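In my numbering, the protein residues as written are 12 to 363. No residue lacks a Cβ here, since even glycine has one placed at the ideal position from N, Cα and C. Here the structure is a predicted model, which is why all the values come from computation and not from measurement. Report on the structure given below.
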């Protein structure tokens, strides 16, 4: 898929309700599979339905579908083979069959704690389905094996029809984070306030949203072939921005004298305006897929860092609330640097 694809209003609305869409997909797949089983009079017809729900349940994004497709098929076929061998061994010796099942489930448990837990789950489920047939009834066992494979194929088919993209969802979530961050930033440094606003809950909510985006990194990287390190770096910078903003608000409202000095500082006003403009530009670029407006702000961000560094030097030697002012200015400089880094990283993601 193209990382710079513009998001339509319909896609934005759709991905904001992705859980509802996923539920509707499973419901539709279940009904259609049920009708297919009934019309074709498939023996042991409950197993395709059970397999469909087990496989489709935790899957919502296309980046998760492709890598797990081979795990689904491999786990189902291996579980079926192990189950058929177990039924055949039962005809000769029940203890031997139990030993075989124990070995198979050991394999399942061993894989479950490794890199393929999903495949291990399907091995165990398919084995349990197959050996649940009557003793020596290979006909039923074969039908159950085929039904489980049929359910797996149908799950892949329904998931592959108009799949949801983790990268698009990540872009929307990232734009929401930047927008929410900008609102808290404006509220924290508003010149119209005479008392410090209570923003602790809002900051914690933003930080929690950043943590939730981590689950989208792996499937988004697989969909776009963008390096995971870029997503990880964006994740780190996003957390840093929240922490810096909290410290900056503390410094801004540390004392009444320093507060008025910072309100009247021209460079700090320009810094706040540029920061808000950059945040709005990043959010817009994430929706539009065009990183060019972001690049236009980076030069001004570099100039602001230099101006803030000069402001620190100018404030040295003054006795009025020196420590809070220096802390606020240094944090403003660090926020500008982190924002510039975030701009470059998002540009790399959109221009891949």
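- Annotation for residue 286: the continuous alpha helix (DSSP H) segment containing it runs 277-299.
- Secondary structure at residue 238: coil, using DSSP grouped into helix, strand and coil.
- In this structure, the beta-carbon distance from residue 37 to residue 64 falls below 8 Å.
- Taking the Cα of residue 245 as reference, the smallest distance to any Cα among 266, 207 and 293 is reached at 293.
- Contact annotation, residue 123 with residue 131: C-beta distance approximately 4 Å; criterion of less than 8 Å satisfied.
- Here residue 67 has 36, 37, 40, 166, 169 and 170 as same chain residues with Cβ atoms under 8 Å from its own Cβ, once five neighbours each way along the sequence are excluded.
- Residue 200 carries a coil assignment under DSSP once its states are collapsed to helix, strand and coil.
- A distance of 8 Å or more separates the beta carbons of residue 186 and residue 95.
- Spatial neighbours of residue 193 in its own chain (CB-CB distance under 8 Å, excluding positions within 5 residues in sequence) are listed in chain order as 287, 290, 291 and 294.
- Taking the CA atoms as reference points, residue 248 sits about 8 Å from residue 352.
- If you ignore the 5 residues before and after residue 111, its C-beta comes within less than 6 Å of the C-beta of 97 and 100, all in its own chain and listed in chain order.
- The segment 48-55 and the segment 188-202 do not touch, with fewer than 3 CB-CB distances between them shorter than 8 Å.
- In the three-state DSSP reduction, residue 72 falls in the strand class (E or B).
- Between residue 179 and residue 26 a beta carbon distance of about 6 Å is seen, short of the 8 Å cut, so the two are scored as contacting.
- For the pair residue 17 and residue 182, the Cα-to-Cα distance works out to about 10 Å.
- Cβ-Cβ distances below 7 Å link residue 84 to 163 in the same chain, with the five nearest sequence neighbours on each side left out; the list follows chain order.
- Runs of the alpha helix (DSSP H) lying entirely within the segment 137-210 and spanning at least 4 residues, in chain order: 149-171 and 177-199.
- Here the C-alpha atom of residue 242 lies approximately 13 Å from the C-alpha atom of residue 223.
- Separation of residue 361 and residue 19 (C-alpha to C-alpha, rounded to the nearest whole angstrom) is 16 Å.
- Residue 129 and residue 47 have their alpha carbons spaced roughly 26 Å apart.
- In the DSSP annotation of this structure, the continuous segment of the alpha helix (DSSP H) that includes residue 33 starts and ends at 29-51.
- Secondary structure of residue 89 (DSSP, three-state): helix.
- In the displayed model, residue 102 falls within coil according to three-state DSSP, outside both helix and strand.
- Closest by C-alpha distance to residue 336, out of 159, 126 and 258, is 258.
- Counting only residues of its own chain and dropping the five nearest sequence neighbours on each side, residue 279 has a CB closer than 6 Å to the CB of 273.
- Your pair residue 81 and residue 175 does not check out as a contact, with CB atoms roughly 20 Å apart and the cut at 8 Å.
- By the Cβ neighbour-count rule, residue 211 is exposed, with fewer than 16 other Cβ atoms within 10 Å of its own.
- Here residue 127 is actually not in contact with residue 144; their C-beta atoms are around 26 Å apart, not less than 8 Å.
- Boundaries of the alpha helix (DSSP H) around residue 59: 57-67.
- Taking residue 346 as the centre and dropping the five residues before and after it, the same chain places the C-beta of 252, 255, 256, 259 and 286 closer than 8 Å to its C-beta, in chain order.
- Excluding sequence positions up to five before and after residue 161, its CB lies within less than 7 Å of the CB of 59, all in the same chain and listed in chain order.
- Each residue's CA atom was taken as its position, placing residue 190 and residue 134 some 45 Å apart.
- In this structure, the alpha-carbon of residue 283 lies about 24 Å from that of residue 220.
- In this structure, residue 142 lies away from residue 188, with their beta-carbon atoms at least 8 Å apart.
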